[in-house]
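These notes are about the structure you will find just below.
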Amino acid sequence: MKSFTYERAKTPAQAAAAVAKQQGAKFLAGGTNLLDLMKLEIETPTHLVDVQDLKLDRIERTDEGGLRIGALVTNTALAADATVRRDYGVLTRAIVAGASGQLRNKATTAGNLLQRTRCPYFYDTNQPCNKRKPGTGCAAIGGFSRQLAVIGSSDHCIATYPSDMAVAMRLLDATVETVKADGKTRSIAMADFHRLPGDTPERDNELERGELITAVTLPRPIGGTHLYHKVRDRASYAFALVSVAAVIQKDGSGRAAFGGVAARPWRVEAAEAAMTQGARAVASGVFAGAKPTEENQFKILLAERTLASVMAQAKG
Amino acid sequence: MKFETPATQNPIDQMKVIGRATDRIDGPLKTTGMAPYAYERHDVASGQAYGYIVGAAIAKGRITTMDTSRAKAAPGVLTVLSTLDHDKPLPLGMMNIAHLYGGAEIAHYHQAIAFVVAETFEQARAAASLIQTEYARDKGRFDLAAAAPSAPYEPSGSGADAKDIERVGDFAAAYAAAPVTIDQRYTTPGESHAMMEPFATIAGWESEKLTIWTSNQMIAWNKGSLAKALSLKPENIRVDSPYIGGGFGGKLFLRADAVLAALGAKACGRPVKVAMQRPLMINNATHRPATIQRIQLGATKDGKLTAIHHSSTSSNLPDGKPETAIAQTKMLYAAPNREYWLKLAVTDLPEGNAMRAPGEAPGLMVLEMAMDELAEKLGMDPVELRVVNDTQVDPGDPSRPFSQRHLVECLRTGAEKFGWSRRHAKPAQVREGKWLIGMGMAVGFRDSPNTKSAARIRLEKTGRLTVETDMTDIGTGTYTIMAQTAAEMMGVPIDHVKVILGDSDFPVSAGSGGQWGANNATSGLYAACVKLREQVAQQLGFNAADAIFADGKVSAGNRSVPLADAARSGPLTGEDGIDYGDIVKKNQLSTFAGHFVEVAVDAYTGETRIRRMLAVCDAGRILNPKSARSQVIGAMVMGAGAAMMEELAVDKRFGYFVNHDLASYEVPVHADIPHQEVIFLDYPDDKSSPMKAKGIGELGLCGVGAAIANAIYNATGVRVRDYPITLDKHLEKLPAIA
Amino acid sequence: MSAPSHSSLDISRRAVMVSGAATAAMSALPADVQAAPAPSKPATMPVSFKVNGKDVSLTLDTRTTLLDSLREHLKLTGTKKGCDHGQCGACTVIVNGERINSCLSLAVQHQGDEVTTIEGLGTPDDLHPMQAAFVTYDGYQCGYCTPGQICSAVSVLKEIEAGIPSHVQEDITAAPAFTNMEMRERMSGNICRCGAYSNIAEAMAAVAGAKA
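Protein chains in written order, with my numbering: chain A, 11 to 326; chain B, 103 to 840; chain C, 24 to 235.
Pasting the structure below:
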């Protein structure tokens, strides 16, 4: 880990300015992913701006009848929130399917959105990786790719984005709110927040340098049965092979988003029209154009069958 | 004490302390964080500096240049050692295959190539990343499946007796004539010990004397190996390892942490501490090698085996050893015609070496799956198939009986307790909602090796006892069974016994490995206690043969004297060891188990959940049923990992295990493991030792993976012969979805 | 030492000399390294927090994790380092009433916090009920993951009591119960390679039952 200086910001704008003005500065929230990566020198900030005092830890109703989740609300607090459990159950279910109790106590909402891939080649600094070190190549292509992306990948990167929480947020049409160093705020739809790798896999998302996430907002509740099924090799404390977030209405219509398959939560709204026709119909639309590797092509069938399981569960 | 004839009645048979479920005496220390592990010895060697290990970035080749200048100039750095400081590798320690350090050649990924010592951990770690190394990469061999077809035989036996293929009878003819046969190929993957405490050592020098506070299962081996590696006299080395955070075979041998801490401490003139960083552990260390196995079974229509072929190919670095996956097959079932072989390919992956139940663990995962397949083909109950093929003698040498073998009772008891009769012989018949339910069973088998072991016991002036031996407790419960042994032999309560372990200044014990620790180490202590009893008797004027040691007193006839009186004029010390005569060769000393498992498989996703597990064990006298049970359930957990998730993923291009941390090499977590049941048959074995005990530490792992696999098959009707049985391997064949 | 001349230690002395020279005189280094900017001194900061009820003040390299501040600076070695990457749970401590992985937290993030470690729960002569239950049910073997398991176990019972939801709840809006599966799911961030899980679950059930 490289040496770094450390400060605690008092306001979001101040924090954004502090990071923007110093090359190599980064925000520090819970630290559960950043410190992990700093120890391996995958991340090498020279200055950390700790945002824990910014008071962005509230969950409030929005005027539109939705919910505004402060960037620093911990995963535990968000999952435990009574309104979230009642109206956005898929979000609670997704969060508690992720990581461990200890990590969820520390990990924040914004930090979860910014967690980086778990691709084993990204994690090994001896290996080429375009996401970690642009232009070095992708060791995962042709390598051990069982966990990696089956869709939305490129010749430069087949990493997946590991969050569970974000899959539910994508399903719920969440919006990410940010503040920039100049104090300007903006909203980014969750659908647009995470980037596909293309030829710039080093950029995970649309944030600019110094841009700070202040909140995630959810629109009005949409009713329905909220389910999240995360499939993995052990029963807990593991990243998804495939996960399915779904909200299913009484008539069988609904939404579905998939985790563990791409560099962003994967949802194809057009394919959701086929929800009443069954999982296969939906999956064939969702995974049209998929480019799996030999090792991970099972994920497409797994996604379909997991969705079928979720649909059956919704029927009761 | 030489053990040459079956044990007769002795003080251990009183079973006042031995055989009672006893809380671990080290429990209060371990549960409060007060038990000191290697890296935590702030109490020894003041002025400890911090070391950090750099691993090779390539799997095969040589270092052309290494620039350590920036690291040396980094803040707080005391010294930087480079493997290029040495013209050639340091001499290998005992059983090491790959060299641990020294020279330009790289034999495997993450081999130690440099060592940074600094004032703080943070400084050492940061400086380590400033070392710049250039390599000339060689094309390595990293693919077992590709290397297997041309792999040479690994002969069994030695000298004139060496044979490529071990044969009994005429396998080919018997197999051809058998009315019922199976012939299948199976694979098991590489596995990692993944013990929770990484390799860790503090090394300190006082002139030419080196002390290492380390984490190692085999103290005498470690001392000898370190002496060899560093060209030191053994008497100038002390190894201390009182608490060990898991080993499972991974800490049997000298590893780079000890070597580098010693070299670093010498170089900077201060004690140095180092713990290997977790991401380096898997490729730097040893692992259980992957295997490709083939089994052919021929049987009569009533299930009598007439022909057995078992062969296994594994790979290792040059001069490495094979994974002996056929070992148990030679002993388990009688069949007049048998054939076995091993092949060993050369690969340049990290070193393959012993991991808990080496040989038996992957061997039984396969053999016992094959038996399940045969049972189905015969239309026979899997339990009955094992019962009809039981043998009470070594099938390869019928003049050698098993000292004891209650395998059939294990199976019968297990079947009854588990409710085996409720199992549907036809697979994929039981469904509860989305869950496919299945039951499976398998036999567990593992030898109980006898090996020399010594100890010392001192009667203090206070009447309390102190036991000293270099024996280790790697979580096995050694502290407690040693205290129980001493208490039973000397007739005192267990809390009057202090046990000090893991110090190379103490008598050399069996050490911990191969499930040989408990029986041999307590037998060594038994011998020392006999010596001490003689001295006590003499001191108090008793005839040792008549004296009864009980309730803190020594008695004979109508005279009774407090034990403490014997040490009034000074402590008395008994020191001796156990050594074994032919008796343990004339008899086959083994342990047996019946494993029973129930699983549920998600009909949609193929995820498997274990619902119930039962092991019935026949392993001689159980010294402490509480810690012995823990050994068994813990091994069953490891077997669950092997069956369901553990696999070292090989990158065949770059030649290393890709999933080299605890997030990506998945081992079972709490959620994977249900309540587990263990039943001990508890037959004292008088041909094993004066303790009449046998090993138990590995038996629980042997066979349990196959029991899980067979249960999964029984649930799904899909036979997966490539471990681990992850959902992707049966997903396509699961029931169609709506 | 009577080591022969090819002794590894003899050879390593060459490295010692170079190292000594490097620290003693920068001029001994090759020119290109001299030209490179000298690495600056690591940043340090003061931090104060409470550990097991006692105030502590340290001046630490900013890179120091909460875990290393406990183990190396305060010599509270009960909290273990198993992976240093949040993948095993051996480093679990309780901060302001919530369990966290102390390896993935910088000490300087904890200014003013209240930290409870395994040493703060009980002592060998005065065990916490959970520590005593681990002994009774043999909920450990090698002991290395044990302090983390116990810190988690104590926290898990509180989390269930507080109604924090979990992955295994059928009804996510309902209050969780002290079932075997609830406890196992919530304990899953604490790996025990010795495989004491079944016994740990029994120890926790005993403590939960005693409380109920």
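Just so it is clear, CB atoms sit at the ideal spot from N, CA and C, and this is done for glycine as well.
Interface partners of residue i on chain A, CB under 8 Å
| i | result |
| --- | --- |
| N761 (chain B) | P130, F154 |
| M747 (chain B) | D243, R244 |
| F756 (chain B) | Q137, A149, G153 |
| H96 (chain C) | Per Cβ cutoff of 8 Å: no residues; H96 (chain C) is ~17 Å from chain A at best. |
Cβ shell of residue i (< 7 Å), same chain only, five flanking positions each side left out
| i | result |
| --- | --- |
| D667 (chain B) | L642 |
| Q319 (chain B) | I346, G349, K353, L354, T574, I576, G613, S614, G615 |
| A38 (chain C) | Unreliable placement is indicated for A38 (chain C), whose pLDDT of 35 sits below 50; no coordinate value is reported for it. |
Interface residues of chain B facing residue i [CB-CB closer than 8 Å]
| i | result |
| --- | --- |
| R71 (chain A) | Residues of chain B passing the Cβ test: none, with the nearest at roughly 35 Å. |
| L44 (chain A) | The premise fails here: L44 (chain A) is roughly 16 Å from chain B at the closest Cβ pair, so nothing lies under 8 Å. |
| P152 (chain C) | Ordered by position in chain B, no residue passes the 8 Å Cβ test against P152 (chain C), which lies about 11 Å from the chain. |
Distance between beta carbons of residue j and residue i, contact taken as under 8 Å
| i | j | result |
| --- | --- | --- |
| I233 (chain B) | A173 (chain B) | 5 Å |
| Y706 (chain B) | P291 (chain B) | Contact doesn't hold; Cβ gap of about 26 Å is too wide. |
| L480 (chain B) | L487 (chain B) | 7 Å |
| Q379 (chain B) | D107 (chain C) | 7 Å |
| G234 (chain A) | M175 (chain A) | So it is not a contact: roughly 19 Å between Cβ atoms. |
| T415 (chain B) | A447 (chain B) | 6 Å |
| A191 (chain A) | G145 (chain A) | Contact doesn't hold; Cβ gap of about 28 Å is too wide. |
| I215 (chain B) | I165 (chain B) | 7 Å |
Beta-carbon proximity of residue i to residue j, cut-off 8 Å
| i | j | result |
| --- | --- | --- |
| S155 (chain A) | N43 (chain A) | no |
| R274 (chain A) | L182 (chain A) | no |
| G145 (chain C) | K132 (chain B) | no |
| P438 (chain B) | G654 (chain B) | no |
| S550 (chain B) | S729 (chain B) | no |
| I810 (chain B) | G579 (chain B) | no |
| L764 (chain B) | I123 (chain C) | no |
| S625 (chain B) | F504 (chain B) | no |
| T188 (chain A) | L222 (chain A) | yes |
| M592 (chain B) | L567 (chain B) | yes |
| G218 (chain C) | G351 (chain B) | no |
| C114 (chain C) | T100 (chain C) | no |
| V391 (chain B) | S417 (chain B) | The sequence given here places Pro at residue 391 (chain B); Val does not occur at that position. Taking 8 Å as the Cβ cut-off, P391 (chain B) and S417 (chain B) qualify as a contacting pair. |
| E834 (chain B) | L311 (chain A) | yes |
Chain-ordered neighbours of residue i on chain A, where CB pairs are closer than 7 Å
| i | result |
| --- | --- |
| T707 (chain B) | V241, L312, R315, T316, S319 |
| R227 (chain B) | M11 |
| R711 (chain B) | A245 |
| P188 (chain C) | A89, A90, R95, T102, V106 |
Proximity to residue i [Cα-Cα], best of the options
| i | options | result |
| --- | --- | --- |
| P69 (chain C) | C:V131, C:G101, C:D107, C:I187 | C:V131 |
| T582 (chain B) | B:R122, B:E106, B:F105 | B:R122 |
| V94 (chain A) | A:A109, A:G111, A:S110, A:G75 | A:G75 |
| F694 (chain B) | B:M298, B:K754, B:K796 | B:K796 |
| G422 (chain B) | B:W443, B:T388, B:G405, B:P776 | B:T388 |
| A209 (chain B) | B:K162, B:W443, B:N338 | B:K162 |
| R103 (chain A) | A:L88, A:N122, A:N115 | A:L88 |
| N338 (chain B) | B:K445, B:G135, B:A364 | B:A364 |
Under 7 Å by beta carbon: chain C residues contacting residue i
| i | result |
| --- | --- |
| Y247 (chain A) | S211, G212 |
Sequence-distant residues of its chain with Cβ nearer than 6 Å to residue i (five each side left out)
| i | result |
| --- | --- |
| A58 (chain C) | With a pLDDT of only 38 at A58 (chain C), under the threshold of 50, the placement of this residue in the model should not be trusted; the figure read from the coordinates follows. Correct list: empty, nothing qualifies. |
| V56 (chain C) | Reliability of the predicted coordinates at V56 (chain C) is poor, the pLDDT of 36 falling under 50, and the value obtained from them is presented with this limitation in mind. For V56 (chain C), where only same-chain residues beyond five positions count, there are no Cβ hits under 6 Å. |
| G819 (chain B) | P529, A530 |
| V663 (chain B) | L642, V656 |
| A48 (chain C) | The predicted model places A48 (chain C) with a pLDDT of 31, which falls under 50 and marks its position as unreliable, so this point remains unresolved. |
Neighbouring residues, chain B, relative to residue i (Cβ below 7 Å)
| i | result |
| --- | --- |
| C114 (chain C) | Those do not exist, as C114 (chain C) stays about 11 Å from chain B at its closest Cβ, beyond 7 Å. |
Beta-carbon proximity list for residue i, same chain, < 8 Å, skipping 5 on both sides
| i | result |
| --- | --- |
| L97 (chain C) | V74, V79, L81 |
| G149 (chain B) | R372, P373 |
Neighbour list for residue i in chain C, Cβ cutoff strictly below 8 Å
| i | result |
| --- | --- |
| R372 (chain B) | Those do not exist, as R372 (chain B) stays about 12 Å from chain C at its closest Cβ, beyond 8 Å. |
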